[in-house]
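Take 15 as the starting number for the sequence shown in our numbering and just add one per residue. The block underneath contains the structure these notes are about, expressed in structure tokens.
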Amino acid sequence: MSKQRIVVVGNGMVGHKFIDSIISSETAEFQVITFSEEPRLAYDRVQLTSYFDEGKGASDLALTDGNYYEENGIQFVLNDKVVSLDTDAKTVVTQSGRREVYDKLVLATGSFPFVPPIPGNDQAHCHVYRTIEDLDAIEASSKTGKSGVVIGGGLLGLEAANAVKNLGLETHVVEFAPRLMAVQLDDGGGALLKRKIEDLGVTVHTQKATTEIVAGSHSRYRMNFADGTHLETDVIVFSAGIRPQDELARQSNIAIGERGGIVIDNNCQTNIKDVYAVGECALWDNKIFGLVAPGYQMAKVAASQILSDGESDSLFIGADMSTKLKLLGVDVASIGEVHGQTPGAQSYTYNDEIEQVYKRLIVSEDGSKIVGAVLVGDADAYGTLLQLKQNDMPLPENPSVLILPNVADDSATGLGVDALPDSAVICSCFDVTKGDIKQAVASGCNTMAALKETTNASTGCGGCSALAKQVLDSELLNLGVEVNNDICEHFAYSRQELSDIVRVNQIKTFDDLLETHGSGLGCEICKPTVGSILASFWNDYILEEQHMELQDTNDIYLGNMQKDGTYSVVPRIAGGEITPDKLIVLGQVAKEFDLYTKITGGQRVDLFGAQLNELPLIWKRLVDAGFETGHAYGKSVRTVKSCVGSTWCRYGVADSVGLAIDLENRYKGLRSPHKLKFAVSGCTRECAEAQSKDIGVIASDKGWNLYVCGNGGMRPRHADLLATDLDEETLIRYIDRVLMFYIRTADRLQRTSVWLENLEGGIEYLKQIIVDDKLNLAEELEADMATNVGKYQCEWKTTLENPEKLKRFQHFINTDELDSTLQFVNIRQQRFPTNNKKQALILEQRIDVVEV
15 MSKQRIVVVG NGMVGHKFID SIISSETAEF QVITFSEEPR LAYDRVQLTS
65 YFDEGKGASD LALTDGNYYE ENGIQFVLND KVVSLDTDAK TVVTQSGRRE
115 VYDKLVLATG SFPFVPPIPG NDQAHCHVYR TIEDLDAIEA SSKTGKSGVV
165 IGGGLLGLEA ANAVKNLGLE THVVEFAPRL MAVQLDDGGG ALLKRKIEDL
215 GVTVHTQKAT TEIVAGSHSR YRMNFADGTH LETDVIVFSA GIRPQDELAR
265 QSNIAIGERG GIVIDNNCQT NIKDVYAVGE CALWDNKIFG LVAPGYQMAK
315 VAASQILSDG ESDSLFIGAD MSTKLKLLGV DVASIGEVHG QTPGAQSYTY
365 NDEIEQVYKR LIVSEDGSKI VGAVLVGDAD AYGTLLQLKQ NDMPLPENPS
415 VLILPNVADD SATGLGVDAL PDSAVICSCF DVTKGDIKQA VASGCNTMAA
465 LKETTNASTG CGGCSALAKQ VLDSELLNLG VEVNNDICEH FAYSRQELSD
515 IVRVNQIKTF DDLLETHGSG LGCEICKPTV GSILASFWND YILEEQHMEL
565 QDTNDIYLGN MQKDGTYSVV PRIAGGEITP DKLIVLGQVA KEFDLYTKIT
615 GGQRVDLFGA QLNELPLIWK RLVDAGFETG HAYGKSVRTV KSCVGSTWCR
665 YGVADSVGLA IDLENRYKGL RSPHKLKFAV SGCTRECAEA QSKDIGVIAS
715 DKGWNLYVCG NGGMRPRHAD LLATDLDEET LIRYIDRVLM FYIRTADRLQ
765 RTSVWLENLE GGIEYLKQII VDDKLNLAEE LEADMATNVG KYQCEWKTTL
815 ENPEKLKRFQ HFINTDELDS TLQFVNIRQQ RFPTNNKKQA LILEQRIDVV
865 EV
């Protein structure tokens with residue numbers, strides 16, 4: 015018997031989720047083929063703005079790849095749009111003329127951006143914000159412009175504004191409605207969001223109806239508004255909403271809603287047998303759901319119905335449209351109905367204009383249930399309020415405690431994760447309930463990493479991670495498993511507690527700490543952690559005998575070990591500025607030692623392929639030429655990236671290079687819980703990409719703006735604005751305080767981005783500590799930093815002056831010979847390692863292997 019064929023039209027996030035559900039069922043009864051009109055398989059549109067992060071690309075957004083589909087028998091066709099459908103003959107035809115027959119058809123065509131019918135909307139530098147190709151086009155336009163306007167102040171519009179701002183353009187948002195995010199926010203929330211976004215340098219224009227787009231006088235375009243005003247700009251991005259992509263259904267006898275959308279029932283089936291629709295193209299109960307979580311629910315229901323031939327109990331009965339976002343660095347959350355349409359509803363409002371926090375809680379007439387909530391500036395209460403709403407749980411006697419600062423905790427509200435029913439949805443992206451997490455814990459999951467792997471919880475948008483961790487810890491406690499933050503079995507303390515012990519008691523060695531506050535001999539977890547803490551506070555030479563055992567391989571040999579056993583050499587190039595003489599020395603060293611040479615994203619030169627006993631020879635040449643170690647091997651300050659600033663750039667308003675050099679020279683060698691990266695931009699065009707760095711500084715005409723806790727790594731996160739309009743002296747004081755407070759309080763191997771997310775009170779609390787000196791720590795933090803800065807030494811210079819330490823840099827005790835087992839090939843006029851046998855065999859077919 016031949017397998018039934020499922021044709022999936024569309025391979026976006028929801029289309030892929032449907033296919034994933036079929037694969038997970040491990041059924042052998044179906045053959046699946048999917049069509050994508052884009053040149054790639056599904057990718058994460060929710061994280062589109064991260065496409066512009068340093069080092070990111072389309073592959074970083076990918077949700078799947080061809081290998082995964084092929085391994086599971088899924089056929090896929092890219093860059094070929096399905097253009098016609100015959101439900102009687104059960105066939106689809108693509109733009110290229112390909113014809114496919116189906117037994118079951120799933121329409122996952124998504125939506126398309128709505129472009130208002132404005133004369134002049136089709137010009138060269140007018141774009142929409144939907145696909146990777148759209149982003150490439152926006153980026154190309156930004157390179158020849160100074161300003162950009164986003165038409166649309168909704169959720170997607172503000173995401174687009176973030177992208178435009180990150181491209182370095184002077185950014186404006188034009189919104190027809192009287193407030194931003196008119197669907198999700200009330201007047202108070204919209205007003206505060208506008209204020210906070212404008213504080214970040216984005217100008218917001220509400221109640222503006224664009225009547226035409228014509229040639230500008232000073233910029234590329236001029237947007238004329240119905241009220242007689244106008245705005246000039248070089249780039250225009252339309253993000254004024256979406257429309258369901260239902261053209262295929264319109265050509266056939268499939269039912270369409272009055273205002274568009276493919277009509278579906280609770281089974282996600284259309285009025286035509288064997289034809290289903292999921293995601294933003296589907297209309298259920300006269301509603302289009304524009305979030306990914308409802309689309310995922312539809313995909314799972316459709317898969318279940320098809321796999322059971324319509325006998326499944328799985329139904330789509332609507333979805334909660336509550337959402338929590340960070341838009342241009344501002345926390346925003348919306349729950350339930352927020353526009354006062356529920357009869358008799360009452361509301362509690364908290365509005366702090368000083369701290370810029372707005373919260374509104376809407377409750378039923380009798381005050382017993384949540385109707386809706388709006389949170390702007392502080393969304394920490396979102397998880398609690400959402401669970402109360404979704405599970406129809408009773409409210410505390412005084413519901414206002416749920417939104418008041420420093421009151422909305424479990425003790426005041428009577429709500430903890432234990433009070434949630436097993437049916438409570440913790441992760442809406444993957445429909446993971448509290449019961450699912452309990453079952454995972456009972457099966458052996460005892461860490462967040464294991465929970466993510468088993469249930470997918472918090473691997474989507476990540477908004478549920480804190481609540482999922484609370485449920486995990488609660489269930490572990492219920493099973494009698496002790497939950498603690500001890501760093502390891504040898505120290506019954508967290509990293510933060512150990513930092514305080516070392517600092518307060520002036521402990522200078524691991525042995526002293528172990529003797530007074532630990533037990534046993536130590537391990538690979540506590541030794542490098544304590545080594546980092548000691549270096550952060552006392553900044554001793556890390557290769558002193560009492561510190562040697564605390565270092566990992568990279569620190570012991572003052573270089574990053576590569577996969578073939580060789581090392582990289584990374585001298586410091588402060589601020590990216592280098593003299594011609596030093597540049598020549600780098601070239602001479604690389605040529606003499608036959609090193610692979612690469613310019614990094616942090617404005618340094620990496621030299622790869624140095625063998626162990628070559629390291630002192632190489633560094634002797636570099637130190638003699640005036641170079642210092644770049645600490646690329648340590649959990650320390652790596653680089654301070656800069657643009658050319660006011661010295662050269664016609665847009666620069668301050669000397670970004672000079673400040674970058676000063677900052678790098680000040681903090682070089684500072685050891686911390688994880689690596690640190692800085693950047694300084696000379697204007698708001700942001701060419702140094704400061705908002706993706708741990709410490710980011712951006713010049714304005716009023717002074718320096720300080721951003722903190724950004725990260726372009728595994729979990730991309732834009733930095734938060736800590737302070738504005740700073741003079742250089744104040745800026746450095748604030749950076750001193752931030753770094754030392756992070757060093758004191760972060761967990762082991764915790765990036766600043768995760769540290770801030772886990773810091774109770776978030777960026778507002780950090781401002782109180784750093785700017786307002788709420789804890790009276792400022793003077794102490796600055797003094798600690800001054801001590802660290804004063805003890806700086808180039809570790810390679812110190813090592814070269816110590817013959818005993820140099821003895822470590824040998825492959826063999828009794829000879830200076832190199833490692834003869836290493837093999838290399840020459841590609842693009844540089845030397846590459848081929849110790850990987852499979853790789854070597856492939857390369858040998860076309861390139862001669864060079865034995866060393």
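Idealized CB from N, CA, C, for every residue including glycine.
Counting only the Cα atoms, Ala463 lies some 25 angstroms from Phe32. In this structure, Gly171 is the residue among Leu690, Arg112, Gly171 with its C-alpha nearest to the C-alpha of Thr63. Distance from the CA of Val583 to the CA of Lys689, rounded to the nearest whole angstrom, comes to 17 angstroms. Within a 10 Å sphere around the beta-carbon of Trp633 sit 16 or more other beta-carbons, which makes this residue buried. The Cβ atoms of Gln319 and Cys282 lie closer than 8 angstroms to each other. The C-beta of Ser110 has fewer than 16 other C-beta atoms within 10 Å across all chains shown, which makes the residue exposed. Contact check for Val390 against Ile384 fails: the beta carbons are separated by 8 angstroms or more. Listed in chain order, the non-local C-beta contacts of Val446 below 6 angstroms within the same chain comprise Ile440, Thr469, Ala471, local neighbours out to five positions each way being set aside. Comparing alpha carbon positions, the residue from Val768, Val216, Thr812, Asn790 closest to Asp638 is Thr812. DSSP, read as helix, strand or coil, puts Gly203 in helix. At a Cβ-Cβ threshold of 8 angstroms, Gly710 and Asp741 do not count as neighbours. Residue environment analysis places Arg273 among the exposed positions, since fewer than 16 neighbouring C-beta atoms fall within 10 angstroms of its C-beta. In the three-state scheme derived from DSSP, where H, G and I count as helix and E and B as strand, Lys605 is classed as helix. Counting along the chain, the unbroken beta strand (DSSP E) around Val115 starts and ends at 113 to 115.
Here the C-alpha atom of Asn81 lies approximately 38 angstroms from the C-alpha atom of Leu626. In the structure shown, Phe126 falls within a strand segment according to DSSP collapsed to helix, strand and coil. DSSP places Gln484 in the helix class (H, G or I) of the three-state scheme. In this structure, Thr543 lies near Ile501, with their beta-carbon atoms less than 8 angstroms apart. Between the segment 343 to 360 and the segment 199 to 214 there are three or more inter-stretch CB-CB distances shorter than 8 angstroms, so the stretches are counted as touching. By the neighbour-count definition (other C-beta atoms within 10 Å, threshold 16), Gly159 is a buried residue. The three-state reading of DSSP puts Glu261 in helix, counting H, G and I together. In this structure, Val218 places its C-beta atom within 8 angstroms of the C-beta atom of Ile211.
Closest by C-alpha distance to Asn840, out of Thr284, Asp608, Leu402, is Asp608. Arg19 sits in a strand when the DSSP states are folded into three classes. Taking C-beta atoms as the reference points, Pro308 and Ala333 count as a pair closer than 8 angstroms. In this structure, the CA atom of Cys697 is about 47 angstroms from the CA atom of Glu559. Measuring C-alpha to C-alpha distances from Leu548 to each of Gly168, Ile515, Thr567 identifies Ile515 as the nearest. Under the three-state reduction of DSSP, Ala175 is assigned to helix.
Segment contact: the segment 697 to 706 against the segment 762 to 772, fewer than three CB-CB distances shorter than 8 angstroms; contact not assigned. For Arg758, the enclosing alpha helix (DSSP H) stretches over residues 742 to 759. In this chain, Phe49 is not harboured by any alpha helix (DSSP H); it is covered by the beta strand (DSSP E) spanning 44 to 49.
Val292 sits in coil when the DSSP states are folded into three classes, being neither helix nor strand.
Within a 10 Å sphere around the beta-carbon of Pro130 sit fewer than 16 other beta-carbons, which makes this residue exposed.
In the three-state scheme derived from DSSP, where H, G and I count as helix and E and B as strand, Phe32 is classed as helix. Look at Val346 here: in three-state DSSP terms it is strand.
Leaving aside the five residues that flank Asp299 on each side, the residues in its chain whose CB is nearer than 8 angstroms to its CB run, in chain order, Gly332.
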